[in-house]
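The sequence shown begins at 333 in the working numbering and counts up by one.
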Amino acid sequence: MEFLFAITVGVMVSAAVYLMLSNNLLRFIFGLVLISNAANLTIFVSGRLTDGAPPLIPEGADAPLVDVANALPQALVLTAIVIGFGLFAFAIVLVFRAWTTLNSLTPDDMRLAEPEEAQK
């Protein structure tokens with residue numbers, strides 16, 4: 333099963349790189365989200381896919397009684413999802429602002445700070 337997830341992560345990363353190398357800011361943002369999801373899937377799979385019970389310890393016991401699932405990768409992925417969503421929301425607002433100000437999403441048209449002789 334881990335092999336299938338490794339192939340999925342590879343496809344997601346390659347699609348993300350393709351989107352990030354395109355000459356469009358919105359495609360770059362979608363590529364950034366896709367590579368973030370690939371990293372989340374990698375962290376999740378690194379915790380090993382087991383049929384363990386939930387990581388709960390009964391009252392009075394010092395350790396779980398049966399094999400339990402690893403909760404650390406799940407907590408890391410949950411934190412990464414929240415941070416990724418915040419980054420995505422901020423980036424979408426920046427893209428919207430760039431579109432309303434410049435009427436373009438290509439980086440070549442967004443050279444307002446450069447002098448005109450540098451653009452030639």
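Ideal Cβ placement from N, Cα and C applies to all residues, glycine included. All figures in this text were calculated on a predicted structure; none of them were measured in a lab.
With distances taken Cα to Cα, identify the nearest neighbour of A421 among A385, F362 and E448. Cα-wise, what sits closest to A421 is F362.
Any 3 or more C-beta pairs closer than 8 Å across the segment 354-361 and the segment 433-446: These segments touch.
Using only the heavy atoms of the ligand NAD, determine whether one of them is closer than 7 Å to the beta carbon of G363. Judged by which ligands are present, the structure shown has none, so any question about the ligand NAD falls away.
Checking 8 Å against the spacing of the C-beta atoms, do I367 and A348 come in under that value? Using a Cβ distance threshold of 8 Å, I367 and A348 count as a contacting pair.
Buried or exposed: V409, going by 16 or more other Cβ atoms within 10 Å of its Cβ? Classification for V409: buried.
Could you tell me the distance, in whole angstroms, from the CA atom of F335 to the CA atom of W431? Near 41 Å, if we compare the C-alpha coordinates of W431 and F335.
Taking DSSP's pairing of strands, which residues face A274 in a bridge? As shown, the chain starts at 333 and ends at 452. That puts residue 274 outside it, with no answer to give.
L388 to V414 span [Cα, whole Å]: Distance between the alpha carbons of L388 and V414: 24 Å.
Backbone CA spacing between Y350 and D394 [nearest angstrom]: C-alpha separation (whole angstroms): 50 Å.
6 Å CB neighbourhood of A453 in its chain, flanking five on each side removed: Residue 453 cannot be examined here, being either before or after the span of the chain that is shown, 333 to 452.
Where A423 sits in the DSSP three-state scheme: In this structure, A423 counts as helix in the three-state DSSP scheme.
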